[in-house]
Amino acid sequence: MEKWGDNFGEELWDLAQTMTKASEITAKYKAYNARVEHKDGESLITSIVENVGRMFIRKMDAIKCIISLAEELSEQFEFNETIADNFTYYSSKYSNIDNRPEPDIPSTLLENIWMYRNMSLNPDTHFFNISVNTSYSSVHVPQNVYDRYPWVLEALQWSEALDDVFVQNYNSDPALSWQYFGSSTGMLRHYPALEWDREQVDTFDCRKRSWYIETATCSKDIVILLDNSGSMTGYRNYIAQLTVKSVLDTFSNNDFINIYKYSNDVDPLVPCFSDILVQATPENIRFLNEYVKELQPEGYANVGKAFVKAFELLQNYREIRRCNESISGCNQAIMLITDGVPSNITEVFEQYNWFENGTKIPVRVFTYLLGREVTKVREIQWMACLNRGHYSHIQSLDEVQEEVLKYVTVIATPLVLQGVEHPPTWTHAFTDTAENLESEADDDEPPRLMIAVGAPAFDRKANHYNETRTARLLGVAGTDIPVEDLDELTLPYKLGVNGYSFIVSNNGYVLMHPDLRPVSHGRLKENYNSIDLTEIEQILSDIADIADDSLTGREMNKVMEDLREQLVFSKVGKMLKVPVRFHYDKMRRVSLEYQDYYFAPLENTPFSLGLVLPHDYGNTWIKVGDEIKRNQHMGTNISEFFVGENWKVHPEWVYCKYHYLEGHEFKTPEDELQHFLVRLYEPNWKWSQQYEPEPEDIQRDGDEEPNCGRKTLDDDAYYCNKELVQLLVFDAKVTNNSYRSWEFQNDRERKIIEMYNATLRFVATMSGLTRWQFIFGEVEVESDNEFGDYHKMSIDETWYKSAILQHKVDPKSFVYSVPHASDEPEDVELKVTASMGIFPRDGGLEAPGCVTGFQFSHELMQQRFMEITSKTTCDGCIETCHSETRDCYVIDNNGYVVLSESSNDTGRFFGEVEGAILKSMVEKELFAIIPVFDLQGLCLEERVMPNDAFSLMHPLKVLLLGINWLIAEFFITLSKFDFWVHGIPSPEYYDAEDYDESDYSDLTRPKKPKKIVVNEEEEYFNRPKEIRTETVYNACDKKSELYVMQQDKFIKGDGFIYESLPSNPAEYGFHPSSVKDLRNDQNIRSRLLHRPYFAKRIPRSNLLMIIVENEYPSDHVVLSAAPQDINYNVSEGLPCVKTRLNFLPRRRLEECYTEHPDVSTECRA
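Laid out in structure tokens, this is it:
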């Protein structure tokens, strides 16, 4: 049996050497003078931070230029009624678009159709092939804002001149994505002009977007006190739910919140959130909303006790965060939602919130009085007014959003009053709303993640004639940055195989990481932008940690905490030789590795950048000279290295690219590269960077005046990564001759290749180049896809990663694999893929240069294996794999079946086929179990839910209540369903207080169309709820137990193991007189843990041959490598498990303004 394994291994090695010609490629590296040098991780991260920093400076300059012009235009603008009456603009919703159907304009706005200019739009490659016009901007006005209001018309008029700065910004930085200015009136002017999604109900309001609210209010600590006394039933209870939801929707990851319900007692709404503030992640917000809907009002309202609880909690957090030591202080507030206040609680405020004779009030109080018939209004007004807050009376659904949003203006007051600094605010990741407009959007593609940077603009005109300073926010300017643009700037080719970069926010949340998976089951996860670094990086404090079966993945260790803290607090440093569980291939393969971490802050942002390099082979790299000039001097046409169609370059790496993609479209990245290879020979060729260093970029701290007159670029401007292109040309030259044409050297080569039908060979390099070659000529396939279409990611391919990892175990060996049983087949015929890493050596150092490999028939490999394992040197002295008493397998180093007598086993995990055998090999330390945790999982759950909108889906049920009642029911139900899903639009954001009527005293105030008023609201919300069952997707944690063959046990040992029947039957409580009796004793046989087996590592491979004596029964054991749900002993849900994350360090944003001496003491009510 040992001979079988040796013979099979030698034959595979011979085939591999013949197919790949690895030695020939290795020799080329030396012949072409490739150098192997040490890679300095610290210098590398410094250069990448500078690279990303230059891009961030351009983005911040862009919004500062928008702000500067906006404030100037607004200040100088004089409103003229005659001009306003004839003003027209480009409407994203209502303008006619060339060659498109006319927009569906509401009947109430038809009389104003003349206002909307016609637009001409064309698909633009830079803007993801969305139809846009880069000559001007267009405007979105919310449904609940009338564009004929004087203050809206004023904003529309003066902001039109922002087109000049929009165009200038784009011409000087073509990588700019969407630019926009969100006015405090609700108007959004965005560049370039585009058509809004007219298929969906429009509930968009820029003032509800995170970039607007975060810019205006900074980070906040908020405690919501929700009245749960007996009077809060029926309609008032539902208004309270919507009020809470509207408030929660204005929070983001930088905010910390909690809700306490109060009646006789004061209790946290969510029991596991007791005495803490939780981060306002989408998951926590959804969790709070669910608990609000389950409230059962009872008892009387002890509002004083509720305020004491809230004040004590906030005071505790002020001490923890050292707010008194901070220049900016802390933004803290209590929001009271009630239908009335039974008593005066001035003594509570005096004790907990009025310090230094009432001149220092650290906590704002916002009060929301619900219902039409209320008492003691003055009392609840003064609660807010005497605590730097705002009072709102909410009588109906339409008023909720209007009143809720007013707190933003109040909290923004100190920022506006200081009026000098315009601190930029960076958001966490979000999905691009414009993605829905793409004409060729792929539902299977992950959503495009963006971040935004915004900054406030102040209304300077408001204080021209007033002795008392007025705080009015003019709006917020912003621009979006695709996260993929950041990834490109981290230069992944320099990090190398199994190296990667990541970005972490001040909250420890991951913005960019190769293992950040925002989508599962085709659904966007609700917590996609609030995944903590500790939930992704699988760092061990010690290799021995893997032996603990009780681990859930949420345990903290000192190494992980230290790394996270360094990143959160913007430190520069490194952590070397950190043990990790390195998983790949969709979390189906794993290896215990050591990694080196380097980190540094991205200046003037809340983000830090981390780099990860493999400790064993990631600290060296291959360097080449100026390959372009060398080949040009030799008279070699570089394009000759890229002939034919059987090659690809990494599709996500930037080699050379035009700044303006429109007009420079290429069908493939390969066409684009060949275009620039020709241009390299132009006399005026110049290597240009995407963001050229500028003198003013050096030592900028973000406060300098922006460069609004930066040089613009012409239509044919381009940029290239010179070093990457040089490496690519070198790799193309190294591999060119080997892959030019295939010729058999002798009959032996032809025989062994035909024996396995090895039809294809390939090579992939560190520069992202992949070549492949058909041995017997190209074969046409039905799908028209071939090897390069399935495997174009070079160093990111599974077979590439595996080959590099295998080199450490056995440098002269190939990695063999078959597709996982759950993967879609690439071809009709099942193929085996073999690959080996080539590590050129120079000066005593080696570095991964490329991976070479080939594919061959799985069926013929199986046949050949059976032929070899059926041969013996004696006649019948040993059972072969053809015997019915023997089951023969070949598995790979991670335990997946490569060969089996049953083709159905191919690609399955061996533990599912022969679990008892694998368990035995684990016990003998031939395999190690490495648990891997997916803390971004998504699980399906059937849930019974009350559904208030159910009757909307079945209107016939309501007919019995009468035609008149049905009409009322329909409109209320429609409002409720739409509002709950999309948020509640407000009829107006500003009331008479917000605008000085004298500004428009000579005008006739236009009337906005009124909504239908339904008088039966309260009766409607008291009706019984209907019940339905639905499938929901919930965040969950999963654990996979993955297996790794300990190849050293075979390499350094005997090379095989034979596990026979137990030599001491007495262990089983039986005493047979002979081995024959042992075989025949049914009682003993039934108690065997596993059958006898022989295991032999196939030399020069990652394969293990296993021969099982199947005439013996054994325990039925099934081992799985598939992810399994982790069940916690917590009934409340996963957010309760994750509360420990709230206690991890976070860096507060410093550029917040919480107080100002000019803040008016006038009651805001």
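For the sequence shown, the UniProt record's numbering assigns the number 1165 to the last residue and increments by one with no breaks.
By construction, the Cβ of each residue, glycine as well, lies at the ideal position given by its N, Cα and C atoms.
Reference residue i, options the options, closest by Cα
{"i": "Glu214", "options": "Phe251, Ser505 and Tyr1093", "result": "Phe251"}
{"i": "Ser501", "options": "Asn99, Glu537 and Val612", "result": "Val612"}
{"i": "Tyr756", "options": "Ile105, Ala847, Gln862 and Ala803", "result": "Gln862"}
{"i": "Ile25", "options": "Glu829, Thr735, Lys808 and Val897", "result": "Thr735"}
{"i": "Ile539", "options": "Glu1109, Phe933, Val420 and Gly1053", "result": "Phe933"}
{"i": "Phe349", "options": "Val303, Val377, Phe641 and Ser738", "result": "Val303"}
{"i": "Ser274", "options": "Arg1148, Leu1144 and Thr1139", "result": "Thr1139"}
{"i": "Asn324", "options": "Gln143, Pro840, Pro848 and Pro362", "result": "Pro362"}
{"i": "Tyr617", "options": "Leu495, Pro693, Lys525 and Tyr718", "result": "Leu495"}
{"i": "residue 1182", "options": "Asp124, Arg750, Pro423 and Trp772", "result": "Past the boundaries of the shown model lies residue 1182; the chain is included only from 1 to 1165, so the question cannot be answered."}
{"i": "Asn746", "options": "Ser120, Met19 and Met1", "result": "Met19"}
{"i": "Ala911", "options": "Cys939, Leu1061 and Val1117", "result": "One detail in the question is off: residue 911 reads as Gly in this sequence, not Ala. Measuring from the Cα of Gly911, the nearest candidate turns out to be Val1117."}
{"i": "Ala306", "options": "Ile320, Ile345, Gly329 and Pro297", "result": "Ile345"}
{"i": "Arg589", "options": "Ser505, Val400, Ser802 and Ile878", "result": "Ser802"}
{"i": "Glu403", "options": "Trp13, Phe366 and Asn289", "result": "Phe366"}
Cβ separation of residue i and residue j, assumed to be a contact under 8 Å, to the nearest whole Å
{"i": "Ile394", "j": "Tyr368", "result": "6 Å"}
{"i": "Thr798", "j": "Asp585", "result": "4 Å"}
{"i": "Thr187", "j": "Ala155", "result": "Here the sequence assigns Met to residue 187, which means Thr is not the residue at that position. Right, their Cβ atoms sit about 5 Å apart."}
{"i": "Asp927", "j": "Leu940", "result": "It is Phe, not Asp, that sits at residue 927 in the sequence shown. Actually they are not in contact, since the Cβ atoms of Phe927 and Leu940 sit about 32 Å apart, beyond 8 Å."}
{"i": "Ala1035", "j": "Lys293", "result": "Incorrect: roughly 19 Å between the Cβ atoms, too far for contact."}
The beta strand (DSSP E) enclosing residue i, as first and last residue numbers
{"i": "Cys720", "result": "Tyr718 to Cys720"}
{"i": "Gln179", "result": "Gln179 to Ser183"}
{"i": "Gly454", "result": "Leu449 to Phe458"}
{"i": "Ile222", "result": "Asp221 to Asp227"}
{"i": "Asp892", "result": "Run containing Asp892: none; DSSP gives neither H nor E here."}
Exposure of residue i, with buried meaning 16 or more beta-carbon neighbours within 10 Å
{"i": "Ser813", "result": "buried"}
{"i": "Arg908", "result": "buried"}
{"i": "Lys1010", "result": "For Lys1010, the pLDDT reaches just 46, beneath the cut-off of 50, and the residue's location in the model is therefore unreliable, leaving the point undetermined."}
{"i": "Phe607", "result": "buried"}
{"i": "Gly895", "result": "buried"}
{"i": "Gly843", "result": "exposed"}
{"i": "Tyr1058", "result": "exposed"}
{"i": "Tyr790", "result": "exposed"}
{"i": "Gln381", "result": "buried"}
{"i": "His38", "result": "exposed"}
{"i": "His807", "result": "buried"}
{"i": "Arg378", "result": "exposed"}
{"i": "Ser183", "result": "buried"}
{"i": "Cys1152", "result": "buried"}
{"i": "Gly1053", "result": "exposed"}
{"i": "Tyr681", "result": "exposed"}
Which of helix, strand or coil DSSP assigns to residue i
{"i": "Tyr146", "result": "coil"}
{"i": "Phe839", "result": "coil"}
{"i": "Val416", "result": "helix"}
{"i": "residue 1174", "result": "With the chain covering only 1 through 1165, there is no way to say anything about residue 1174."}
{"i": "Phe599", "result": "strand"}
{"i": "Ala834", "result": "strand"}
{"i": "Gly478", "result": "strand"}
{"i": "Phe251", "result": "coil"}
{"i": "Glu988", "result": "Confidence at Glu988 is low in this model, with a pLDDT of 37, below 50, so the placement of that residue is unreliable and no value is reported for it."}
{"i": "Gln351", "result": "helix"}
{"i": "Ala1095", "result": "strand"}
{"i": "Trp196", "result": "coil"}
{"i": "Gly568", "result": "With the sequence shown as reference, residue 568 is identified as Val, and Gly is not the correct amino acid for it. Of the three classes helix, strand and coil, the one that applies to Val568 here is helix, per DSSP."}
Residue range of the unbroken alpha helix (DSSP H) whose run includes residue i
{"i": "Cys65", "result": "Gly41 to Gln76"}
{"i": "Lys208", "result": "Taken as a continuous stretch (DSSP letters only), Lys208 belongs to no alpha helix (DSSP H), as it is neither H nor E."}
{"i": "Tyr493", "result": "Pro492 to Leu495"}
{"i": "Arg372", "result": "That residue, Arg372, is in no alpha helix (DSSP H); it is neither H nor E in DSSP."}
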